[in-house]
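Asks: Those protein sequences? They're chains D and H, same order as listed. Counting from 1, one number per residue, gives the positions in the first sequence under the numbering used here. Counting from 1001, one number per residue, gives the positions in the second sequence under the numbering used here. Ideal Cβ positions, reconstructed from N, Cα and C, are used throughout, including at glycine.
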Amino acid sequence: MDLIDFGAVGLALGILGTSWVPWAVIIPGLFAGLAGGALPGISGTMIIALMLPFTLYMDFFTAVMFLTSVFTGAGFGGAIPAILINTPGTTASVSTAFDGFPMSRQGRHNEALGIGLAASTIGTFISYLVLFLLINYASWAVLKLGPFEMAMVAIWGITMIATLRGGNFERGILAGIFGLMIGTIGIGPTGQMRGTFGFAELLDGIPVVPAMIGLLATAELFNLARSRYIVEKQEDRVISFSRILQGFAGVREYWKTLLRGSMIGVFVGAIPGVGASVANLISYADARRISDDPESFGKGNPNGVVASESANSSSEGGAMATLLALGLPGGGGTAVLLAAFAMHNITGGPRFIADNKDIVYAILFGNMVQCLLLVIVGLLFIRIAVIIVKVPILYLVPSVIVLAMAGSYALIGNIMGPLTLAVFSIVGWLFARYEFAPPAAVVGLLLGAFVERQFVYSHQISGGDLSFIFGRPIALVMLALLIASIAYPAMKNYLRARRSLRVG
Amino acid sequence: MNSWKSLKGAVLTLGLALGGQAAYAQDDYPNKPIEITAPYDAGGATDRMVRHLAPFLAEALGTPVNVVNRPGGGTLTGTVYFHNQPADGYTVMFIPPTPYFVNHIEVMNAPFKLDDFIFVNAQEVAQSLMVVPKESQVQSFDEIIEGLKEPGKLSAAVITGSSEHISLLLMMEKLDIPAENLRLVTYDGGGPTRTAIIGGQVDFGMVPGQGSEVIFDQVNKIMVVADETNPDWPDATPINEALKSYGVEMPILDSSVRSMVVLAKLKEEYPDRYQKFVDAYKSVVESEEYQASAKEGNYGRDWRGPEASTELVKRNYGLLVEYSRLLE
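1) Could you pull the DSSP bridge partners for ASN1066 of chain H from this structure?
2) When you compare only the Cα positions, how much space is there between ARG1304 of chain H and LEU1114 of chain H?
3) With ALA516 of chain D as the anchor, note down where its beta strand (DSSP E) starts and where it stops.
4) Cutting at 6 Å between CB atoms, please list the residues of its own chain near GLY100 of chain D, excluding the five before and the five after it.
5) Tell me which residues share the same chain as GLY157 of chain D and place their Cβ nearer than 6 Å to its Cβ, disregarding the 5 neighbours each side in the sequence.
6) Among H:LEU1154, H:VAL1131, H:ALA1110 and H:ILE1215, which has the Cα closest to the Cα of THR1237 of chain H?
7) Taking ARG1258 of chain H as the query, report the chain D residues whose CB atoms sit under 9 Å from its CB, ordered along the chain.
8) Less than 7 Å between the C-beta atoms of ASN110 of chain D and ILE244 of chain D, yes or no?
9) Can you name the start and end residues of the beta strand (DSSP E) that SER1128 of chain H belongs to?
10) Please return the same chain residues whose Cβ sits closer than 7 Å to the Cβ of GLN1291 of chain H, not counting the five positions on each side in sequence.
11) Is ASN1121 of chain H helix, strand or coil by DSSP?
12) Where do the N-terminal and C-terminal ends of the alpha helix (DSSP H) with THR1310 of chain H fall, by residue?
13) Just the C-alpha distance for ALA1023 of chain H and GLY1209 of chain H, rounded to the nearest angstrom, thanks.
14) Only counting the same chain, and skipping five residues up and downstream in sequence, which positions put a Cβ closer than 7 Å to that of LEU364 of chain D?
15) Is there a Cβ of chain D sitting closer than 7 Å to that of GLN1201 of chain H, yes or no?
16) Around the Cβ of THR1046 of chain H, are there at least 16 other Cβ atoms within 10 angstroms (buried) or fewer (exposed)?
17) In chain order, what are the residue ranges of uninterrupted beta strand (DSSP E) at least 3 long that sit wholly in the region 394 to 435 of chain D?
18) Please state if the CB of PHE248 of chain D and the CB of LEU374 of chain D are separated by a distance shorter than 7 Å.
19) On the CB-based measure, 16 or more other CB atoms within 10 Å of its CB, does ALA285 of chain D come out buried or exposed?
20) For SER1167 of chain H, decide whether its Cβ has a neighbour in chain D, counting only Cβ atoms nearer than 7 Å.
21) Span of the alpha helix (DSSP H) holding TYR1281 of chain H?
22) Between GLY318 of chain D and chain H, is there a C-beta pair that is closer than 7 Å?
23) If you count every other CB in all the chains shown that lies within 10 Å of the CB of VAL443 of chain D, and 16 or more means buried, which is it?
24) Quick check on the DSSP output: the alpha helix (DSSP H) that includes PHE98 of chain D runs from which residue to which?
25) Does any residue of chain D have a CB that is nearer than 7 Å to the CB of GLY1072 of chain H?
26) When DSSP builds the beta bridges, which residues end up paired with ALA1157 of chain H?
27) Would you say ASP204 of chain D reaches chain H, if we count a Cβ-Cβ gap shorter than 7 Å as a contact?
28) Of all Cβ atoms in chain H, is any one closer than 7 Å to the Cβ of ALA339 of chain D?
29) Using a Cβ cut-off of 7 Å, pull out every chain D residue sitting near ILE1144 of chain H, in sequence order please.
30) Under three-state DSSP, which class holds ALA217 of chain D?
31) For chain H, check one thing: does any of its Cβ atoms lie closer than 7 Å to the Cβ of ARG351 of chain D?
32) Give the DSSP bridge partners of PRO1238 of chain H, in chain order.
33) In the region 1167 to 1188 of chain H, which residues sit with their C-beta less than 8 Å from some C-beta in chain D, listed in chain order?
34) What separation, rounded to the nearest whole angstrom, lies between the Cα atoms of ASP59 of chain D and PRO53 of chain D?
35) Within this structure, are the beta carbons of PHE241 of chain D and ARG433 of chain D separated by less than 7 Å?
36) By Cβ distance below 8 Å, which residues in the same chain neighbour PRO392 of chain D in space, the five residues on each side in sequence not counted?
Written out as C-alpha cells, the structure is:
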C-alpha cells in the first residue's frame, strides 16, 4: 500500500473542480450544524438525521459534502452554550464547559469563544490531514483494538473523576461512583435487566443527555439566580468582535495542548462506538495532568477549552476514517452518514476505498475546505450568540430551561426526557450545594456503561484467564502509560516537597 | 368588523372540517403521509433496507412515506409506540421481529401479543452464516468442531440473544460439547460483532449473512444455517450437510426476518385500506425497477405475502421459545 496515491489526488481535484454545487451546500450545512449543536438537547446526530431527506435530491458527492458540513458545524456548535451558560449542547462538549464557563463568568467570554472556534477548526483540519496521510493504515490499527484496549481508553477518561473535585476530594470521588452506578441501569451487556425496578422506560438506562444537562446546567442556573447577569461586572459585559478575534489568534499560545488534543481526538474518534463524547474528556484529563499548574483547571484555564474542543472536533476525522475504510460507523453522526451512503447505494469498506480513492480524497479535501469556511461562519455565529451575556439572568434562566425541556423531549421522544432533566436538575443542585462535584457524576454516567461492557467482553474473550492481558501488547503499553501518568504528578509533588524541605 | 372576520373564519373552518369529513367517509386512503416506524437506530442493515424501500412505496401509494427511527429497549420502545397507534393504516412498522419479540413477550411482559400484528411481507429472510477471519487458526468447519472439543481453545462472536447465538449453542449441545468450552463473546449489535470478527479479536463468528456483505472481503464463509447452499455464498456448506458425519441434525432457525408489519386491527376495521396497502407494497416489490435497484444495493426483495410471512415469523418464534433455555 502506498502512503498517498497521487494519481487519485489529481482525479479528486478534478471531482472538486467540475461543479459549484457541492461548494454551495457547505455554508447552509455549517449553519444548520452550528444551530443544532448549539441548542441544548438537539444532538449532532439528530440534526444530521433531520437533514438527511434533503440529500435525496443531491448527487452522492454533494450529499456527503452537505452532511459532513452539518457534522463539522455541530462539532463546534455544542461549545457555544457550554461556554456561555455551562450547558453543553452535545455530550462532546462536556469538558468545554469546565473552563469555558468560568472564563465567561470572569468576563472573558469573547476570548473563550474565539479560542474554542480556533481549536475546533484547527483540530478538524489536522484530523483530515492525518486521515489523508494514513487512511490506508488507520483503519487496520483500529481493528486491532479489542475490548480490553477499549476499556483502557475509557478508564483513561474515568481517572478524570479524581481531578474534578468541587472543593472536596472524597465527595468528588463519591459523585463519580454515583455516575458510574447509574450508568449501568438498563439492559446489561449480557442481556439482563438491572436497576430498572420494573419500569420499561428504564430499559435503555438513564437518558444521558437530559441527565447531563440537568446535572451541569440547570443546577448552575439555579445558582445563578442570585446574580443579575452571567458576567458580574458591567465593564466586563462587553461584546467585542476584536476580542473574539484576539482569542482566535491567541490559540497559538496553546499549540501544544492543541496538537495533543487533536491527536487524541483522531485516535479515539476512530474507535467504533467511542467517539467525541469520550475524546474530549480524555484530552481534558490529559491536559490537566501534564500542566505545571493543574489547580488552575476548572477555574478558567484556556488550555481546558483548547484541549476539549480540539479533541471533540478532530474525532470527526477519526470517525470518517472508520466509516470510509471499514464501512462501520464510529458514532451516531457517522451512522446517519452511512444511511446516506446507502441511499446512494454506496457501502464503505476496503473495497470502496480501493476502487474509489479519488472520491475518498475528494471527500477529505472538501472537508478541509469546510474547516476554513467554518472559521468565517463560526465567527459570525458566535458574534450573534455572545449577546447572551447581555441578557439578564431573570430572562435567561427560564428560556434555557424551556429550551432544554423541549430539546430533551425531542431527543428521547417521550416524557422520559423532560422527567430525567427535572430529576437530575434537583440532584445536580444538591450535589453542587454539598460539594459532590456534578461534573464527576457526568463523567461517570457517560463512561460507566461503556467501560463495563468492554470489561464483560474482555472477560468473555479471555475466558476469565488474566494471563490474556500479556498477549495484548497495545493494552499493556496503555496500562503502563496510564499508571505512569497517574504516578507522575504525585512523584513530582513529592520531589518538590523534598526539595523545598532541603532548602528550608 | 372583528366579529365578522371571526365569523368568516368559523364558517371557513367548519367548511374545511366538513370537507375533510366527507373525504374521510369516501376513504381516499392514503390522503396524508404514512409513517414507517423503525424501532432501531439509523444506519443498521434493516434501517438501510427500509430507507431504500420508502421512496418506492411513496410513489406507489401516492403519498409521502417517512421512516422514523424510534430506538430503545432492543426494539421494545418503538414496537410499543407502534402498537399504541390507531389502526388506520397511517403507521406501519418495519422490523426483524425475531429474536426481539421473544424477549419482549415472554420475559418483559410487553403490552402486545404476536397475534396483534400481521406480518405483511417477510421481505428478507437472512440466513445465519459462520465466518472466520482470514488469519484465524481455524479455517474449516471440522477444524472448528475439533477446536470446540478442547476447553477454552476457541473464541467466537455473536449478537447476544440472536438466532445465531441460539443455533451455535444448540449445535454444541447436540454434539455433546459443553458450552463452557467456547469463549463466547456476546456483542450488543451487528456492528461490534462484525468489527470483532474482521479485527481477528475472535477465532470465528456467526452473523446474519445478508447485511454483513461489508466484511465479506476479509473473512472466509464456512457454514450456513439453511437447507440448501445459498448461490451467493457457494463456499458455505449447509449446516446439516456439514454435520452429517457427526450424526446429528439441527432445526433450521432463520436469522433476521426483516418484515413489514401492520396492526391486525387494520384488517378488521379498514379491510379496504389493508388491501390497498398490501397491493401497493406487492406491486413495488414485484416491479422491475425496484428489483434492479434492490439487487444493486444488496437488499432482500422477496414477496412472500401476509399468510406465508406470518407463518414464517410464528415458526421461528416457536423455535426460539423452545430453545431459549440455552441462553440461561
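Replies: Concretely, from the data shown:
1) H:GLU1035
2) 19 Å
3) No statement about residue 516 of chain D is possible, as the shown extent of chain D runs from 1 to 504 and does not include it.
4) ALA82, ILE83, ALA112 and VAL305
5) VAL278, LEU281, ILE282 and LEU447
6) H:VAL1131
7) Correct list: empty, because the minimum Cβ distance to chain D is about 14 Å.
8) yes
9) 1128 to 1133
10) ARG1301
11) strand
12) 1305 to 1323
13) For ALA1023 of chain H, the predicted structure reports a pLDDT of 42, less than 50, and the residue's modelled location is therefore unreliable. A value from the coordinates is still provided. Taking the straight line joining both Cα atoms gives about 46 Å.
14) TYR128, LEU131 and PHE132
15) yes
16) buried
17) none
18) no
19) buried
20) no
21) 1271 to 1286
22) no
23) buried
24) 94 to 105
25) yes
26) H:VAL1185 and H:GLY1205
27) yes
28) yes
29) Simply none; closest approach about 17 Å.
30) helix
31) yes
32) H:VAL1224
33) ARG1183, LEU1184, VAL1185, THR1186, TYR1187 and ASP1188
34) 13 Å
35) no
36) ARG228 and TYR229
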